[in-house]
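J.: In the UniProt record's numbering, the protein residues as written are 1 to 216. Even glycine gets a Cβ: it sits at the ideal position worked out from N, Cα and C.
(1) Between the C-alpha atoms of residue 7 and residue 15, what's the straight-line distance to the nearest angstrom?
(2) Whole angstroms is fine: what's the gap from residue 167's alpha carbon to residue 76's?
(3) Exposed or buried, residue 35, counting other C-beta atoms within 10 Å across all chains shown (16 or more means buried)?
(4) Between residue 127 and residue 187, which are expected to be in contact by the criterion C-beta below 8 Å, what is the C-beta distance as a whole number of angstroms?
(5) Leaving aside the five residues before and after residue 157 along the sequence, list all residues of the same chain whose C-beta is less than 6 Å from its C-beta, in chain order.
(6) Name, in chain order, the residues that DSSP records as bridge partners for residue 156.
(7) Can you pull the DSSP bridge partners for residue 161?
(8) To the nearest angstrom, how far is the alpha carbon of residue 105 from that of residue 132?
(9) Going straight from the alpha carbon of residue 33 to that of residue 45, what length do you get?
(10) How many angstroms separate the CA atom of residue 59 from the CA atom of residue 81?
(11) Looking only at DSSP bridge pairs, what is residue 133 linked to?
(12) With 16 as the cutoff for other CB atoms within 10 Å, does residue 25 come out buried or exposed?
(13) Going by DSSP in three states, residue 126 sits in which element: helix, strand or coil?
(14) Return helix, strand or coil for residue 193, following the three-state DSSP convention.
(15) Under a three-way DSSP split, which group does residue 150 fall into?
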């Protein structure tokens, strides 16, 4: 009886081992069956990663382009501020040169006074090999700056012309009673730029149909 009991226990243990082995075999078989799908999934993930890397590289390139554009815009802003500062310095210099003589905003037009009567044209001559040209196109600071950038323009100066008062100051002209126009006089080398070239710059800056013909 005891021997039979022992045999039954062994059979039960063997059955248990067999069931465990079958389960392990089933799991292994299922795992093996899943492997191809896992490989495909990994391949898809690799492709996604590759695409993501390309997108990241593209974003980096765009970021670098934007960084360069921002730097260029900043440089343009700095250049514009520098030009504004230069114009302010030129305006201050103009006030020193032309604006310190008048103390009364009302200009006295006494034709008997030699210092208030408009004189004839300037009699000075340009430097050898150069020629004079004068342009009136509104506020002379912006016009002068435009001509200073023209290759062949050697020297520029600003002043007033066509008025009824000799050597007017800035304050004199601002009374609107001297009938002067703001003018830029150039010395230019005709071998480097022609008068037609200067006219092209003039008409690009000046619109005679605008209010008071003040352009820019």
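T.: Concretely, from the data shown:
(1) Cα to Cα, residue 7 sits roughly 12 Å from residue 15.
(2) Computed Cα separation, rounded: 38 Å.
(3) Only exposed fits residue 35, as fewer than 16 other CB atoms lie within 10 angstroms of its CB.
(4) About 6 Å; that satisfies the 8 Å criterion.
(5) Leaving aside the five residues that flank residue 157 on each side, the residues in its chain whose CB is nearer than 6 Å to its CB run, in chain order, 185.
(6) For residue 156, which the question treats as bridged, DSSP gives the partners 186.
(7) Beta-bridge partners of residue 161 (DSSP): 181.
(8) With a pLDDT of 37 at residue 105, under the threshold of 50, the modelled position of that residue is not reliable, and the figure given next carries that caveat. Taking the straight line from one Cα to the other gives about 33 Å.
(9) Take the alpha-carbon of residue 33 and the one of residue 45: they are about 20 Å apart.
(10) Residue 59 and residue 81 have their C-alpha atoms spaced approximately 32 Å apart.
(11) In the DSSP assignment, the residues bridged to residue 133 are 186.
(12) In summary, residue 25 is exposed, with fewer than 16 beta-carbon neighbours lying within 10 Å of its beta-carbon over all protein chains present.
(13) Coil, per DSSP.
(14) Residue 193 falls in the coil class under three-state DSSP.
(15) Coil at residue 150, not helix or strand.
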